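Protein chains: 2
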Amino acid sequence: MRQIPPVNPEDALRAAEESDRRADRRIQRTRQQLREALLALILERGYEALRVEDITERANLGRATFYLHYRDKEALLLDSIQQTVDELLAQVSAFAPPRLEAGSEAAARWLQRAIALVFEHAAGSATLYRVILRGEGTAAISRRIHAMICQAVLAYLEAHRPHQMPPLPADVLANYFAGALLALLTWWLENGMPYGAAEMAAMFYRLFYNGVGHLGATEG
Amino acid sequence: MRQIPPVNPEDALRAAEESDRRADRRIQRTRQQLREALLALILERGYEALRVEDITERANLGRATFYLHYRDKEALLLDSIQQTVDELLAQVSAFAPPRLEAGSEAAARWLQRAIALVFEHAAGSATLYRVILRGEGTAAISRRIHAMICQAVLAYLEAHRPHQMPPLPADVLANYFAGALLALLTWWLENGMPYGAAEMAAMFYRLFYNGVGHLGATEG
DNA sequence: TCCAATTATGGACGCAGTGTCTATAATTAT
DNA sequence: ATAATTATAGACACTGCGTCCATAATTGGA
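So the sequence lines, in the order shown, correspond to chains V and C. At position 75 of the first sequence (counting the first as 1) the number is 80 in this note's numbering, and the numbers step up by one without a gap. At position 128 of the second sequence (counting the first as 1) the number is 133 in this note's numbering, and the numbers step up by one without a gap.
Printed below as a string of structure tokens:
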């Protein structure tokens, strides 16, 4: 075998699929089948209950083949997730924040659009998002997503509010934001997405910006 | 043996410790030791890595003894958690909300105090809370906590705002609240509780009620 | 087209940890 | 003091993991 499975579970999210670009077709087929089988089975029986053999069976592969590509169940899950996360990150970072006056209406619209992007992308990969947000597999996964969002918020604050924000530590703000967003996202996906992505983004934005005490106000 | 371990993992949280009140002292000692050993070891090595034998070893008990009381690792964890959750629920529900005008200053102070209760209680059982909030063990646990908070919010809304809340479904509001609160709680515990419980409650309340756009305003 | 390289396969292996059972010892409540 | 209950150690079968091997099948490149 040419491809060594990710060694360190901590940065497996980044490591996988590196030298894969020009790889043998069999490799791509095999991994694709494994990823699909995993997601399907997780939604059917849950992650914990799955054996490696269940996955390879569903994927029509020999059990030994699995270990040519992944160290264990978790590595496969991380690989599946990484693809989706990379997708989203590309979309969001392509949507770079313009230099806008903090609190301006334009900034508000931009932020709202960025949040809508997240909801839209989640809708597109609903299965995987549900797996992630449910915390199936290592809980470390959803924690990492949470941390990623926190970091994005902190970067945003750094860029757009170089002055103070006296009554509130940035960490508190970032975690508040990330927790609330992920909770809404989870609820939305688990309940059949009863509203549009833009609607959800608008509701979240209003709650976050105006608070529950000023629900009538629409301005940003 | 006289005591049958919880059968259904779904309602094990409620089932355990029912006929325990007049039980043999050995039973109480044994379970206590098992619970303590579990929590200590989770913080040392993490939940997943623990074998039943590790736990009984730390507790100075025979491995077979474990199965006289719990079906498996998870049942023991659920038992430990249930005790703490019951404690908190008792405290909070004893702190029943008075009939206050929605949006009044008194109502604001009450709500803030109720939230502070949660933070205080978490500080008192920090070890267990960290285990819960990290999602160690079944992720179902933290999901259940989240659901409990949602339900509390919905009940509060039912009681205090029988009229409308037009631009926002109650589910959305409840999940937003629960997600944000748990995120702050988690951050607080994982970072050495750098602020007082009352401070955290105040910050959370301000964010939730006034939003990030009105950070200067202190009134509720 | 054919060849060397790579990957897929099925089966067997040792290993670790689980949950059960038994006979026996220790502790408990009354 | 005694009958009942619980704790214990050890053995047991069982499941699932991760590795290895020889062999078959597929691939990309010359």
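Just so it is clear, CB atoms sit at the ideal spot from N, CA and C, and this is done for glycine as well. Being a predicted model, the structure only gives us computed values, none of them experimental.
Exercise. Taking all protein chains shown into account, do 16 or more other C-beta atoms lie within 10 angstroms of the C-beta of S85 (chain V), making it buried, or fewer, making it exposed?
Worked result: As a working note, residue 85 (chain V) is residue 80 in the first sequence. S85 (chain V) comes out buried.
Exercise. Which residues, in order along the stretch 109 to 120 of chain V, keep a beta-carbon less than 7 Å from a beta-carbon of chain C?
Worked result: Residues of the stretch 109 to 120 of chain V with a Cβ closer than 7 Å to any Cβ of chain C: none.
For this session: Report buried or exposed for G218 (chain V), applying the criterion of at least 16 other Cβ atoms within 10 angstroms of its Cβ.
Result: Numbered from its first residue, the first sequence carries residue 218 (chain V) at position 213. Looking at its Cβ environment, which holds 16 or more other Cβ atoms inside 10 Å, G218 (chain V) is buried.
Exercise. So what's Y72 (chain V) in DSSP terms, helix, strand or just coil?
Worked result: Locating residue 72 (chain V) in the first sequence gives position 67, counting from the first residue. DSSP places Y72 (chain V) in the coil class of the three-state scheme, outside both helix and strand.
Problem set entry | S147 (chain C) classed as buried or exposed, judged by whether at least 16 other C-beta atoms fall within 10 angstroms | Position 142 of the second sequence, counted from the first residue, corresponds to residue 147 (chain C). Burial call: buried.
For this session: Give me the Cβ distance between L162 (chain V) and A175 (chain V), rounded to the nearest whole Å; I'm assuming they're in contact under 8 Å.
Result: Your numbering for residue 162 (chain V) matches position 157 in the first sequence. Your numbering for residue 175 (chain V) matches position 170 in the first sequence. For a cut-off of 8 Å, the C-beta gap from L162 (chain V) to A175 (chain V) is around 5 Å, short enough to register as a contact.
For this session: Could you say which of V:A207, V:G197, V:L220 lies nearest to G129 (chain V) if we only look at CA atoms?
Result: Working through the first sequence from its first residue, we reach residue 129 (chain V) at position 124. With respect to the C-alpha of G129 (chain V), the residue from V:A207, V:G197, V:L220 having the closest C-alpha is V:G197.
Exercise. Quick one: what does DSSP say R104 (chain V) is sitting in, helix, strand or coil?
Worked result: As a working note, residue 104 (chain V) is residue 99 in the first sequence. Here R104 (chain V) sits in coil by DSSP.
For this session: Would you identify the three-state DSSP class for D59 (chain C), choosing helix, strand or coil?
Result: The sequence position of residue 59 (chain C) within the second sequence is 54, counting from 1. Helix at D59 (chain C).
Exercise. If E141 (chain V) sits next to I47 (chain V), beta carbons under 8 Å apart, how far is it from one beta carbon to the other, in whole angstroms?
Worked result: In the first sequence, residue 141 (chain V) corresponds to position 136, counting from 1. In the first sequence, residue 47 (chain V) corresponds to position 42, counting from 1. So it is a contact: roughly 6 Å between Cβ atoms.
Exercise. Taking Cβ-Cβ distances shorter than 8 Å, what residues in chain V pair up with N180 (chain C)?
Worked result: Here the question's residue 180 (chain C) lines up with position 175 in the second sequence. The answer, in chain order, is A188, L189, T191, W192.
Exercise. With DSSP run on the structure shown, which of helix, strand or coil describes T143 (chain V)?
Worked result: Here the question's residue 143 (chain V) lines up with position 138 in the first sequence. In this structure, T143 (chain V) counts as coil in the three-state DSSP scheme.
Problem set entry | D77 (chain C) (DSSP reduced to helix, strand or coil) | Indexing the second sequence from 1 puts residue 77 (chain C) at position 72. In the three-state reduction of the DSSP assignment, D77 (chain C) falls in the coil class.
Exercise. For L122 (chain C), which residues of its own chain have a beta-carbon under 7 Å away from its beta-carbon, when the five flanking residues on both sides are left out?
Worked result: On the second sequence, position 117 is the one that residue 122 (chain C) refers to. Exclusion of the five residues before and after L122 (chain C) leaves Q96, V97, F100 as the residues of its chain whose Cβ lies within less than 7 Å of its Cβ.
Exercise. Any C-beta of chain V sitting closer than 8 Å to the C-beta of R56 (chain C)?
Worked result: By one-based count along the second sequence, residue 56 (chain C) stands at place 51. At a cut-off of 8 Å, the C-beta of R56 (chain C) has no neighbouring C-beta in chain V.
Exercise. Would DSSP call M208 (chain V) helix, strand or coil?
Worked result: For the purposes of this step, residue 208 (chain V) is identified with residue 203 of the first sequence, where counting begins at 1. Reduced to three states, the DSSP call for M208 (chain V) is helix.
Exercise. Who are the neighbours of D176 (chain V) on chain C, taking C-beta pairs under 8 Å?
Worked result: Counting from one through the first sequence, the residue named residue 176 (chain V) turns up at place 171. Within chain C, the residues near D176 (chain V) are W192, N196.
For this session: Take I154 (chain C) and list the residues in its own chain whose beta-carbon comes closer than 8 Å to its own, dropping the five residues that flank it on each side.
Result: Along the second sequence, one-based indexing puts residue 154 (chain C) at 149. The residues are A179, F182, A183, L186, L187.
Exercise. By Cβ distance, which residues of its chain are closer than 7 Å to A127 (chain C), with the 5 residues on each side in sequence left out?
Worked result: Stepping through the second sequence from its first residue, residue 127 (chain C) is reached at position 122. These residues qualify, in order along the chain: Y134, L190, L194.
Exercise. Which value, in whole angstroms, describes the spacing of the CA atoms of A207 (chain C) and A144 (chain C)?
Worked result: Here the question's residue 207 (chain C) lines up with position 202 in the second sequence. Here the question's residue 144 (chain C) lines up with position 139 in the second sequence. Roughly 29 Å between the two C-alpha positions.
Exercise. Residues of chain V with CB under 7 Å from A128 (chain C), in chain order?
Worked result: The sequence position of residue 128 (chain C) within the second sequence is 123, counting from 1. Simply none; closest approach about 16 Å.
Exercise. With a CB to CB cut of under 6 Å and the five nearest residues on each side skipped, what residues in its chain are close to H56 (chain C)?
Worked result: Indexing the second sequence from 1 puts residue 56 (chain C) at position 51. According to the sequence as given, residue 56 (chain C) is Arg; it is not His. Closer than 6 Å at Cβ, skipping near neighbours: no residue.
Problem set entry | Cα-Cα separation between R149 (chain C) and Q156 (chain C), rounded to whole angstroms | What you label residue 149 (chain C) is simply residue 144 of the second sequence in a count that begins at 1. What you label residue 156 (chain C) is simply residue 151 of the second sequence in a count that begins at 1. Looking at the two C-alpha atoms, the distance is approximately 10 Å.
Exercise. Using a Cβ-Cβ distance under 8 Å, would L173 (chain V) count as near chain C?
Worked result: If you number the first sequence from 1, residue 173 (chain V) lands on position 168. Yes, L173 (chain V) lies at the interface with chain C (some Cβ there is under 8 Å from its Cβ).
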